[in-house]
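In the working numbering, the protein residues as written are 26 to 648. Glycine included, C-beta positions come from ideal geometry on N, C-alpha and C. Model, not experiment: these values are computed from the prediction. In what follows, a structure is listed as structure tokens, so that the remarks can point back to it.
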């Protein structure tokens, strides 16, 4: 009975292999125009159809294996929300309707999900693997090698059929099940990646030698033959390589900011001349050349880059070049020739794969060389990053100037955001007043005029209108209170931030726990910004994250107000995909505050906001 069921399942696997092959080919046929021709609207329907079909195969394999195969896909993104101006944002583009932002969110959700890659890998390999169980039974029956071979092999293939069908089923279930790689696999991947990065740095060192020779040639032609336009080229053409190396330093956790001063540009004067510092030029081309000349010549970072370009190849080969050379020689020069000779019988040259004429000693030496090379990649990468930072990081004066310039730019941006937010808030208040309380007060005035006319002629109708006017005025008062609460809640003014946050917790659908206290009160604007930021985070946790329990922790330490909001929702929060979190960032940025979000798919979500502020004494507090 087991063999019959296995035979049935092997036939089903063969038929399923054809369906999956058609599904995979159809996916490639639709993805081709979508990627190459820009017809991206073809991609989401195909991915959704592939997911529905793959989920059916998951249920089938779950029935065959007797264990549940959970669906590994990330939760769908929340629908886009309009900003203060009623526009919908996706990345750096604003749209009038939510259709395009919703489409691009859906596209990112489908394409960037790691489970999608596993599904495609299974679709590619399954047609080849699924035909093996039935093939092991059918091939002997074809009598390609004679009847005796058929008689001998067919019973063995039938007896092994349940095992082969089970192996294919378990393999499919394993590939379609969400999983995390073991720590050992991640460690091996990190080591191999570090070794590959060392190899990339060695290749880059060869490029540096060519660029340094080119720079010296430009200096020789510029100073020797008077071809002065080559001198700025000699000082600036390799900046892209230096910036690339600064990014590579992040491999070891080092951060090297760009040390260059802002690019100098010609300024057009009212008299039609172009000014570059204290020099005037008639043509823009000459002014631009002089600006580039002064910008590169007077920048200390240019000369430090030139010194780095000449010295770094030697340092690179002496540090990260060692594990690259050791790994290549140990693996290719010693281990591989031994494997080739032992298993394939072919002879290599006498000095390949041998140490002192002994191949066994060569094998041991090769394995040790590869192991030592892989083990030393990360430490040597850190040493190389520190060396890179010596010449490529800004000087102290340049770092302070760049920090001040960056701070000014950020404050300018946050000031503009604050002005935009303030203008949008004023428009919202005007709109709410016009559509709400103002309209109701006008209706009360009209009703009172009607009551005045009906007092003598129809007192009953007048009394009904009085009740109606009373109800309308009460509604208007409620709307005015709600509007004032949205501008600055009374509980915040009267009780302070911790009690105001606890009041928010009572109005939240989820179970909210608030811990922590403040020794004083921040400035009123900072307090208001923190209150509305927490309010938005609570709304996002319940509305989009589906959180049931939320924890809020308030602390003030070292001049920083820190509020952490943790929820058990579905995760996946991303400020770039919604206007609510972006609004929180803009609100905090006005006070030089920050918002950090850690929200992996499946949760939990931890949002930490920090606001630099000084607390007032409790005795002088308004609470």
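Exercise for the section: Starting from residue 581, follow its DSSP beta bridges and name the residues at the other end. Expected result: 586
Practice task
Could you round the C-beta distance between residue 417 and residue 333 to whole angstroms and report it? I think they count as a contact, below 8 Å.
Solution key: So it is a contact: roughly 6 Å between Cβ atoms.
Handout entry: Inter-stretch contact at 8 Å, needing at least 3 Cβ pairs: the region 288-303 / the region 380-393
Key = The region 288-303 makes no contact with the region 380-393, as fewer than three CB pairs between them are under 8 Å.
Practice task
Could you pull out every residue in the same chain whose Cβ sits closer than 6 Å to the Cβ of residue 99, ignoring the five residues on either side in sequence?
Solution key: 138 and 626
Handout entry: Distance, residue 184 Cα to residue 29 Cα
Key = Taking the straight line from one Cα to the other gives about 10 Å.
Exercise for the section: Assign residue 641 to one of three DSSP states: helix, strand, or coil. Expected result: strand
Exercise for the section: May I ask you to report which of helix, strand or coil DSSP gives residue 59? Expected result: Annotation note: pLDDT 49 at residue 59 (below 50); position unreliable, coordinate value reported separately. Helix, per DSSP.
Handout entry: Residue from 560, 496 and 228 with nearest C-alpha to residue 339
Key = 228
Practice task
Just the C-alpha distance for residue 161 and residue 190, rounded to the nearest angstrom, thanks.
Solution key: 11 Å
Exercise for the section: Report the rounded CA-to-CA distance for residue 302 versus residue 248, giving the unit in angstroms. Expected result: 24 Å
Exercise for the section: Spell out the partners DSSP gives residue 98 in its beta bridges. Expected result: According to DSSP, residue 98 bridges with nothing at all.
Practice task
Could you tell me the boundaries of the beta strand (DSSP E) in which residue 619 lies?
Solution key: 619-623
Practice task
Check whether the region 603-615 touches the region 584-595, taking contact to mean three or more Cβ pairs, one atom from each stretch, closer than 8 Å.
Solution key: no
Handout entry: Inter-stretch contact at 8 Å, needing at least 3 Cβ pairs: the region 305-313 / the region 344-363
Key = At 8 Å Cβ cutoff, the stretches do not touch.
Practice task
Please go through the same chain and pick out, in chain order, the residues whose beta-carbon is closer than 6 Å to the beta-carbon of residue 261, but skip the five residues on each side of it.
Solution key: 321
Handout entry: CA-to-CA distance, residue 494 to residue 486, given in whole angstroms
Key = 12 Å
Exercise for the section: Just the C-alpha distance for residue 647 and residue 527, rounded to the nearest angstrom, thanks. Expected result: Any reading at residue 647 needs caution, since the residue's pLDDT is 41, under 50, leaving its predicted position unreliable; the model's value is listed next. Cα to Cα, the separation comes out at about 18 Å.
Handout entry: Reference residue 38; option with closest CA among 127, 53, 157 and 84
Key = 157
Exercise for the section: Measure from the alpha carbon of residue 501 to the alpha carbon of each residue in 466, 514, 337 and 308, then state which is nearest. Expected result: For residue 501, the nearest C-alpha among the options comes from 466.
Practice task
State yes or no: is the C-beta of residue 279 within less than 9 Å of the C-beta of residue 410?
Solution key: Closer than 9 Å, so yes.
Handout entry: Three-state secondary structure assigned by DSSP to residue 536
Key = Of the three classes helix, strand and coil, the one that applies to residue 536 here is strand, per DSSP.
Handout entry: Per-residue DSSP class, three states only, for residue 301
Key = strand
Exercise for the section: Return the residue from the list 32, 70, 77 and 119 that minimises the CA-CA distance to residue 45. Expected result: 77
Practice task
Thinking residue 276 and residue 215 are a contact (beta carbons under 8 Å), I'd like their distance in whole angstroms, please.
Solution key: Contact between residue 276 and residue 215 fails: their C-beta atoms lie close to 11 Å from each other, not under 8 Å.
Exercise for the section: Between the Cα of residue 401 and those of 557, 639, 110 and 344, spot the shortest distance and give me the residue it belongs to. Expected result: Its Cα nearest to that of residue 401, the residue 344 stands out among 557, 639, 110 and 344.
Practice task
Taking only the alpha-carbon atoms, compute the straight-line gap between residue 515 and residue 639 and give it to the nearest angstrom.
Solution key: Taking the straight line joining both Cα atoms gives about 22 Å.
Exercise for the section: Note down, in chain order, each residue of its chain lying with its Cβ closer than 7 Å to the Cβ of residue 529, except the 5 sequence neighbours on either side. Expected result: 559, 560 and 563
Practice task
Let me know the secondary structure DSSP gives residue 467 once reduced to three states.
Solution key: helix
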